[in-house]
Amino acid sequence: MTTAIVWLRQDLRLTDNPALYHACRTCDHIIPLFIDDPLPTSVSQLGAASRAWLHHSLQDLDTRLQAIGNRLTLQQGAALPILQKLIAATGATHVYWNRVYDPQSLARDKHIKEALKPSCAVHSFNASLLNEPWEVLKADSTPYKVFTPFWKAMLKHGIQHLPLPLPERIPTPPLQPESLPLETLGFLPRIRWDTGMMAHWQVGEEAAMQKLHDFLPTHGGAYKEARNFPAQPGTARLSPHLHFGEISPRQAVYHTERHLAEQPSAENGLRHFMQEIGWREFAYYLLYHFPHTVERALDARFDHFPWADNYTDVLERWQRGQTGFPIIDAGMRELWQTGWMHNRVRMIVASLLTKNLLVPWQVGEQWFRDTLVDADLASNVLGWQWVAGCGADAAPYFRIFNPTLQEQTFDPDGEYIRRWIPELQTRDYPLPIVDLKASRERALAKFSQIKMTG
Ligand SMILES: Cc1cc2nc3c(=O)[nH]c(=O)nc-3n(C[C@H](O)[C@H](O)[C@H](O)COP(=O)(O)OP(=O)(O)OC[C@H]3O[C@@H](n4cnc5c(N)ncnc54)[C@H](O)[C@@H]3O)c2cc1C
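Start counting at 1 in the sequence shown, then tack on 1, and there's your number in this note's numbering.
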């Protein structure tokens, strides 16, 4: 009789889960395990909003496992000693996991693999990307830094595997290991500010798949245009589900392709939707090939960018949605109340912070990391560096979003701003925090300083 530990991390689902699937095919007993690991980049250490999501996602996974007679084992602490203890206690001979691609997790996993090898067979898989980051390279074997050729090469390479089915059985071991109660892991805040935020979401594998199936026929065809208008339900809102692995990108692409076969007239929108999943893929690809970008810009000239010295006051007004620019304030309030912000508005608020207010992109990235339910190291870093003009395939530095013009174009009836700013037409609403024209010129002058050094 063989026992396998399946160490779940950012793959909180039962279907299309290669580690779980292969463990079930190979071993007689399965111990699904989640560890609240103190590694700073681990899924349980990101921001407060995503920790609240994680709580519900683990609860959902445990419920699904219990429904088929197994359960989730929860542990807290450094991963290696926990795995070693569990192996000793259960006699497990196999450990399975799906890869996580940030530099710290990769180093941790490599070390754990080496340490466990003498006593255990360790198997790792790709469950969160369409392809491995090292599989798609330029002709000279270096990584792409521009999205369009990357995505073309990815499409040419193809997606290697179809999504895997739910394992037929996930047999439980005769002796269940001890597990901590979920509540003791402290993922929910002590003062329960999260209840309002979580009321906007349904968490878990089933909800994620349902959301995809609701989105494709209703909004998939018009996605290319509608995705820019924050008042409309024009995007899939799958990002937190993809981040926690409640659904895989392969599942998303597979079902989109199937839908496309049934509804060819929706091709433009559906292909564009798959391309956005490609941007997620590109974010992970860049993080893998350029791990220093977690902290520093890909464009090294920005190491010496003359950011503002004292920005505490403006930062606080930006965070609270009190800048006096309605589209910015609506976005920042949407973020605070729901844990999510529309992509177009993410770009506008990031541009105001890094360009008009000259606050370092890392400061904005940190705020998003703490407040987004989809906070994701790879996509967040890519998004911030793209807007700040210092990342891969970045918006040119001189492209400074004008929040007033953006609002006129993408929220022409003011529906979005009214939704989030009830006091908009009253004297309680503040005056603009900064002069757009003067601050734009100041930013461009600073940029020309570093351009000289390039
Ligand atoms: C400054 C900034 C910060 C961002 N931070 C994050 C983050 O922490 N986590 C995160 O998941 N996304 C981030 N994004 C990307 C994007 O805003 C969100 O993925 C998107 O808004 C999620 O909504 P949706 O699921 O409705 O997207 P849809 O438009 O329905 O797209 C489907 C999926 O494609 C992926 N995707 C779409 N656009 C992008 C993009 N530009 N970059 C990477 N992946 C994309 C997401 O996984 C998304 O769920 C950021 C963008 C910016 C400009």
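Ideal Cβ placement from N, Cα and C applies to all residues, glycine included. Quick caveat, the model's predicted, so the values are computed rather than measured.
Among the options, the one whose alpha carbon lies nearest that of residue i
{"i": "Pro168", "options": "Met342, Asp29, Ser440, Gly340", "result": "Asp29"}
{"i": "Gly221", "options": "Phe230, Thr236, Met210", "result": "Thr236"}
{"i": "Thr427", "options": "Arg191, Gly187, Pro327", "result": "Pro327"}
{"i": "Leu437", "options": "Glu136, Leu271, Gln407", "result": "Gln407"}
{"i": "Thr42", "options": "Ala267, Gly384, Ala79, Leu359", "result": "Ala79"}
{"i": "Ser249", "options": "Trp368, Leu131, Asp304", "result": "Leu131"}
{"i": "Lys218", "options": "His256, Pro231, Phe230", "result": "For the sequence presented, residue 218 should be read as Pro rather than Lys. The residue with the shortest Cα to Cα distance from Pro218 is His256."}
{"i": "Phe126", "options": "Asp12, Thr143, Ala309", "result": "Asp12"}
{"i": "Pro307", "options": "Ala444, Lys225, Ile329, Ser380", "result": "Ala444"}
{"i": "Ile422", "options": "Arg26, Glu335, Pro166", "result": "Glu335"}
{"i": "Asp63", "options": "Arg26, Asp394, Ser180, Phe402", "result": "Ser180"}
{"i": "His112", "options": "Ile88, Leu87, Leu81", "result": "Leu81"}
{"i": "Leu189", "options": "Trp319, Ser58, Ala331, Pro19", "result": "Ser58"}
{"i": "Asn71", "options": "Arg26, His124, Arg170", "result": "Arg170"}
{"i": "Met275", "options": "Ile349, Arg321, Gln252", "result": "Gln252"}
{"i": "Pro431", "options": "Ala24, Ser129, Val315", "result": "Val315"}
{"i": "His214", "options": "Asn344, Thr94, Phe283, Leu261", "result": "Leu261"}
{"i": "Leu358", "options": "Leu383, Ile418, His162, Val435", "result": "Val435"}
{"i": "Gly384", "options": "Trp362, Asp371, Phe399, Tyr398", "result": "Trp362"}
{"i": "His95", "options": "His343, Ala20, Ala122, Arg14", "result": "Ala122"}
{"i": "Thr185", "options": "Ala24, Asp37, Arg259", "result": "Asp37"}
{"i": "Trp503", "options": "Ala284, Glu416, Thr74", "result": "Residue 503 lies beyond the range of the chain shown here (2 to 455); nothing can be said about it."}
{"i": "Glu296", "options": "Cys391, Arg420, Glu424, Asn99", "result": "Cys391"}
{"i": "Ile349", "options": "Trp337, Met333, Val364, Gln338", "result": "Met333"}
{"i": "Gly279", "options": "Phe148, Glu268, Arg259, Glu258", "result": "Phe148"}
{"i": "Gln203", "options": "Asp429, Pro39, Asp61, Leu9", "result": "Asp61"}
Burial state of residue i (16 or more Cβ within 10 Å)
{"i": "Gln386", "result": "buried"}
{"i": "Pro265", "result": "exposed"}
{"i": "Arg191", "result": "exposed"}
{"i": "Gly270", "result": "buried"}
{"i": "Ser120", "result": "exposed"}
{"i": "Ala301", "result": "exposed"}
{"i": "Glu366", "result": "buried"}
{"i": "Lys146", "result": "buried"}
{"i": "Gly197", "result": "exposed"}
{"i": "Gly48", "result": "buried"}
{"i": "Trp135", "result": "exposed"}
{"i": "Glu247", "result": "buried"}
{"i": "Gly187", "result": "exposed"}
{"i": "Thr3", "result": "exposed"}
{"i": "Lys118", "result": "exposed"}
{"i": "Thr143", "result": "exposed"}
{"i": "Gln76", "result": "buried"}
{"i": "His293", "result": "exposed"}
{"i": "Gly159", "result": "exposed"}
{"i": "Leu163", "result": "exposed"}
{"i": "His242", "result": "buried"}
{"i": "Lys356", "result": "buried"}
{"i": "Phe303", "result": "buried"}
{"i": "Trp194", "result": "exposed"}
{"i": "Ser51", "result": "buried"}
{"i": "His305", "result": "exposed"}
{"i": "Pro174", "result": "buried"}
{"i": "Thr9", "result": "Looking at the sequence itself, residue 9 is Leu, so the reference to Thr does not match. It is buried - the Cβ of Leu9 has at least 16 other Cβ atoms within 10 Å."}
Integer Cβ distance of residue i from residue j, believed to fall under 8 Å
{"i": "Ala5", "j": "Tyr97", "result": "6 Å"}
{"i": "Thr324", "j": "Glu206", "result": "Between Glu206 and Thr324 the Cβ distance is about 38 Å, and since that is not below 8 Å, they are no contact."}
{"i": "Pro172", "j": "Ile31", "result": "6 Å"}
{"i": "Leu288", "j": "Leu378", "result": "7 Å"}
{"i": "Phe230", "j": "Phe369", "result": "Rounded, the Cβ-Cβ distance is 21 Å, inconsistent with contact."}
{"i": "Arg347", "j": "Ile401", "result": "Not quite, the Cβ-Cβ distance comes to about 15 Å (not below 8 Å), so this is no contact."}
{"i": "Leu66", "j": "Pro33", "result": "6 Å"}
{"i": "Ala154", "j": "Val137", "result": "5 Å"}
{"i": "Leu183", "j": "His290", "result": "With 8 Å as the limit, Leu183 and His290 do not qualify as a contact, their Cβ atoms being about 36 Å apart."}
{"i": "Leu353", "j": "Pro404", "result": "6 Å"}
{"i": "Asp375", "j": "His244", "result": "5 Å"}
{"i": "Gly322", "j": "Asp310", "result": "Contact flag wrong, Cβ pair sits at about 24 Å."}
{"i": "Tyr312", "j": "Val360", "result": "5 Å"}
{"i": "Leu299", "j": "Gly340", "result": "Not quite, the Cβ-Cβ distance comes to about 27 Å (not below 8 Å), so this is no contact."}
{"i": "Ala20", "j": "Ala128", "result": "7 Å"}
{"i": "Arg232", "j": "Tyr417", "result": "This sequence places Ala at residue 232; Arg is not what is there. Yes, they are in contact, since the Cβ atoms of Ala232 and Tyr417 sit about 4 Å apart, within 8 Å."}
Any non-hydrogen atom of ligand 3 within 7 Å of residue i CB
{"i": "Trp280", "result": "Ligand 3 is not part of the structure shown, which contains ligand 1 as its ligands."}
### Query
At which residue ranges does the stretch 92 to 176 contain complete alpha helix (DSSP H) runs of 4 or more residues, listed in the order of the chain?
104 to 117, 148 to 158
### Query
Which whole runs of the alpha helix (DSSP H) in the stretch 198 to 226 are 4 residues long or more, in chain order?
206 to 220
### Runs of alpha helix (DSSP H) wholly within the stretch 9 to 39 (minimum 4 residues, chain order)
19 to 27
### Query
What runs of the alpha helix (DSSP H), each 4 residues or longer, lie entirely inside the stretch 41 to 68?
49 to 68
### Query
At what residue ranges does the stretch 375 to 412 contain a whole run of the alpha helix (DSSP H), taking only runs of 4 or more?
378 to 389, 404 to 411
### Query
Unbroken beta strand (DSSP E) runs of length 3 or more, entirely within the stretch 70 to 94: which are they?
74 to 77
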